[in-house]
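The block underneath contains the structure these notes are about, expressed in structure tokens.
Numbering (the numbering used here), first residue to last: 2 to 987.
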């Protein structure tokens with residue numbers, strides 16, 4: 002069985018699938034008999050009103066909602082047939098049956114007797130088939146005039162089938178079937194058909210004016226009515242015939258004429274759905290065939306007694322086929338998705354019906370004038386004359402409606418339509434001219450059109466009118482014209498066509514369109530193209546143009562030009578923590594501060610993101626620009642209140658200076674390079690471009706290109722610097738330091754390539770490799786050292802690795818692959834890394850601590866806000882920065898700074914490790930202050946593990962560990978307290 006997937010509209014009045022319960026489905030299935038559907042998807046077509054009301058009451062299901070379920074396209078779906086297959090089978094069986102019956106009737110198979118029997122009974126199956134399909138259509142239709150029409154049509158076919166059955170019974174009983182009881186049902190057939198036609202008219206959407214429809218219907222009925230009366234009905238009424246028998250036969254013809262006239266009027270109405278006219282045309286075809294059958298039957302009766310088996314029986318047989326086809330089409334339309342509403346007037350057939358009616362009336366005149374002398378020629382002529390007057394009136398109505406339509410379009414059009422003479426004199430103007438010219442059409446007719454424009458626009462309009470007048474085909478333009486009216490200034494666009502040869506126009510047709518909004522939008526787009534919408538500063542494009550002009554002017558005036566590139570430091574952290582709205586407000590405040598700090602002659606621009614630029618013209622020396630940059634940094638550092646918080650904004654500035662000989666691109670590039678160096682030098686400073694920076698930039702670009710190869714071809718390697726006990730000088734652990742063995746530049750230190758890797762997005766990959774390699778190396782190396790299982794491994798982790806990678810997963814993998822104990826791994830992070838995005842980092846550190854590793858703050862003391870956060874983070878070790886260590890011997894405040902850090906560590910239960918120890922005096926001072934572990938060039942530079950294995954620090958550990966079998970309490974950072982308790986002289 003062919004089925005169609007439909008969607009169920011969950012809106013009120015429809016039944017979503019979820020609400021269509023199994024009980025409702027089973028009840029609907031029992032009452033409808035649609036056994037071909039699955040139980041959960043059976044849809045009820047009600048057998049009677051009582052069962053329908055029961056479903057309505059129990060489940061809220063209405064017939065219309067069930068019909069809607071077959072065509073809705075909303076959420077939820079069920080499977081239903083597009084068109085029941087039995088309808089297709091029945092219809093095509095009817096067609097085949099009609100063809101076979103026609104062949105038998107026309108060929109006279111079986112002789113006259115069989116042919117007469119066949120003629121009497123051949124119509125019964127055809128009528129019953131048409132009745133079944135029509136009843137199915139009436140049951141499936143939604144409530145309304147359309148459904149009432151199909152109910153009336155079903156009643157009509159039922160009456161006709163009963164009449165045929167009674168007539169066949171009379172024939173079987175050897176009674177004269179005509180006239181007889183069957184004629185009662187045949188006569189009742191016509192009112193039902195007329196009611197169906199009227200309901201179809203009511204259901205049709207009127208797409209023509211009522212006046213036009215009324216006149217078309219009157220012409221159609223009068224013309225074809227005269228045709229039927231004078232040529233079909235009137236001759237019989239004046240014949241010497243049996244009025245009961247022959248009058249009844251002619252009554253059928255007259256009733257057929259009435260039905261045809263009603264269906265013809267139905268075609269005159271437009272249809273919103275393009276499928277309806279097809280149904281109406283099929284019904285008209287069926288009853289036209291019935292009319293021909295009744296007409297031939299009536300003529301046959303006039304020549305003698307009624308005998309079945311003639312051509313009229315063939316026509317009676319075929320009249321049911323178009324009716325069944327119309328019902329089948331309507332069923333298909335019910336199942337199909339609703340057609341898009343397309344306003345559509347009467348079809349081509351309907352448009353020619355009034356003219357066809359006039360032609361039929363003329364046929365009547367010809368017939369009655371050239372036929373028998375007794376024909377009522379005067380009556381026919383009078384009717385034709387009246388029809389001609391009516392037809393002329395109808396054409397006038399149609400013409401007036403068309404004129405009103407076009408007049409309404411012109412009156413309500415936003416464009417101004419004008420007709421002028423070749424000399425520019427106004428002959429016509431649409432009402433919209435009042436909006437453009439400030440005057441009504443009657444006030445400006447006869448005036449020169451160019452009077453309303455002035456200056457260049459007036460000259461442009463005159464030239465345009467001359468060009469249009471000289472052309473002979475096509476449209477000229479458009480031309481843009483500005484017109485001022487009071488305080489307003491409007492822009493118009495005009496196109497023109499030379500219609501002087503058109504007798505209806507005889508002038509130049511001009512169409513003016515108001516383009517003021519478009520012009521305003523274009524101006525706004527131009528502004529956006531040159532101005533930053535957030536800060537209202539110049540954008541990158543305008544700034545480049547200003548730099549170009551400034552350099553050109555500097556060459557002429559022999560003056561200097563400088564460009565400052567400014568990039569906010571750590572803006573991303575502010576944007577991420579406070580939100581993008583707060584970030585936008587910060588950028589606006591920064592822009593205002595930059596403008597306030599610069600001269601009025603300077604050009605300030607926002608290049609994008611948190612990057613700004615300043616163009617300084619008429620500069621005498623670089624020192625002047627550097628002074629401005631220093632003042633700008635100082636002004637930006639003033640606290641800025643944002644969302645109740647005081648923020649300190651810093652910026653890195655790059656300066657490029659030119660005496661006018663540089664190209665704009667080179668000057669901008671130099672400022673960008675200098676800004677990058679200011680970032681690399683520690684931020685919150687300015688740096689002036691030097692030629693050597695270009696070489697550094699080239700090296701940076703080369704490193705960026707080589708990073709991928711370095712990771713793939715294992716050009717990276719590790720070196721290790723020992724961490725020693727300051728008292729015993731024995732090794733406590735090592736710190737892994739990455740190096741790059743570049744094929745051209747040699748061995749590169751981390752300072753040369755780590756930042757490049759961070760910006761290229763490779764630092765997380767590098768960090769994973771360092772973790773895995775260092776853990777493997779440590780596990781293999783410590784086997785040769787006494788107490789090697791207690792040695793610690795320190796690994797530095799980048800801030801980008803912490804933010805962008807999954808550090809917890811990377812550490813877990815490295816420990817699992819190498820077998821290194823978690824408490825022997827120390828992860829070192831800088832102060833700034835810990836403080837940035839502190840809430841997110843706190844959670845990351847807790848997850849790392851859950852693994853059992855140690856966390857250390859590298860370069861501790863260089864920040865400005867770390868101390869208040871130490872108690873929040875699970876830190877184990879503080880590494881004293883080398884700048885503090887270097888002050889121990891050359892500054893009075895150096896020892897106090899280190900003492901403060903060591904005391905802080907002891908208070909918080911943290912171990913301390915000193916970095917950058919280069920002198921014995923520094924080691925002694927640290928030991929005296931309570932710091933027992935350190936690293937630096939005093940002990941060893943970074944090298945391979947094999948070199949360390951044969952060095953003095955490993956030997957010292959072996960000796961001490963052998964003497965003391967690890968019985969002492971151990972600390973978190975390499976058993977410092979245990980070794981401190983040993984005999985220092987041993």
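Here a beta-carbon is modelled for each residue, glycine too, at the ideal position from N, C-alpha and C. Here the structure is a predicted model, which is why all the values come from computation and not from measurement.
Minimum Cα-Cα distance from residue 797 among the listed residues 903, 719 and 727 corresponds to 719.
Secondary structure note for residue 734: its beta strand (DSSP E) is the uninterrupted segment 732-743.
The DSSP-derived three-state label of residue 760 is helix. Minimum Cα-Cα distance from residue 506 among the listed residues 427, 495 and 881 corresponds to 427.
In summary, residue 725 is buried, with 16 or more beta-carbon neighbours lying within 10 Å of its beta-carbon over all protein chains present. Comparing alpha-carbon positions, the option among 130, 619 and 916 lying closest to residue 563 turns out to be 619. Secondary structure at residue 750: coil, using DSSP grouped into helix, strand and coil. In the three-state scheme derived from DSSP, where H, G and I count as helix and E and B as strand, residue 519 is classed as helix. Residue pairing of residue 561 in beta bridges, as defined by DSSP: 620. In this structure, the alpha-carbon of residue 152 lies about 24 Å from that of residue 294. Separation of the CB atoms of residue 911 and residue 882 is rounded to 15 Å, and the pair is thereby denied contact status at 8 Å.
Relative to the Cα of residue 87, the nearest Cα in the group 794, 332 and 735 belongs to 332. Per DSSP, residue 854 lies in no alpha helix (DSSP H) and is assigned neither H nor E.
Listed in chain order, the non-local C-beta contacts of residue 813 below 7 Å within the same chain comprise 852, local neighbours out to five positions each way being set aside. A straight-line Cα-Cα distance of about 7 Å links residue 412 and residue 433. Minimum Cα-Cα distance from residue 421 among the listed residues 454, 509 and 829 corresponds to 509. In the structure shown, residue 905 adopts helical secondary structure according to DSSP, grouped into three states. Under the 10 Å beta carbon count, residue 288 is surrounded by 16 or more other beta carbons and is classified as buried. With a minimum length of 4 residues, the unbroken runs of alpha helix (DSSP H) contained wholly in the stretch 867-900 fall at 883-887. Cα atoms of residue 668 and residue 850: separation of roughly 50 Å, rounded to the nearest angstrom.
Three or more pairs of CB atoms, one per stretch, sit closer than 8 Å, so the stretch 645-659 contacts the stretch 675-686.
For residue 457, the closest C-alpha among the options 930, 480, 130 and 894 is that of 480. When DSSP states are grouped into helix, strand and coil, residue 728 belongs to the coil group.
Between the beta-carbon of residue 478 and that of residue 459 there is about 16 Å, and that puts the pair past the 8 Å contact cut. With respect to residue 157, residue 321 sits apart: the two C-beta atoms are not nearer than 8 Å.
Between residue 955 and residue 728, the C-beta spacing is not below 8 Å. Boundaries of the alpha helix (DSSP H) around residue 86: 86-108.
The beta carbons of residue 828 and residue 858 sit no closer together than 8 Å. Residues of the same chain with a CB within less than 8 Å of the CB of residue 330, apart from the 5 flanking positions on each side, are 276, 279, 280 and 283 in chain order. CA-CA distance, residue 521 to residue 484, rounds to 15 Å. For residue 646, the uninterrupted beta strand (DSSP E) run begins and ends at 646-648, by DSSP. Its chain contains 536 and 538 as the residues whose beta carbon lies nearer than 6 Å to that of residue 592, once the 5 sequence neighbours on both sides are disregarded; these appear in chain order. Around the beta carbon of residue 313, 16 or more other beta carbons sit within 10 angstroms, so the residue counts as buried.
By the criterion of at least three beta-carbon pairs nearer than 8 Å, the stretch 783-795 is in contact with the stretch 807-827. Judged by DSSP in its simplified three-state form, residue 780 adopts helix. Residue ranges of uninterrupted beta strand (DSSP E) with 3 or more members, entirely inside the stretch 438-524 and ordered along the chain, are 476-486, 489-500 and 508-515.
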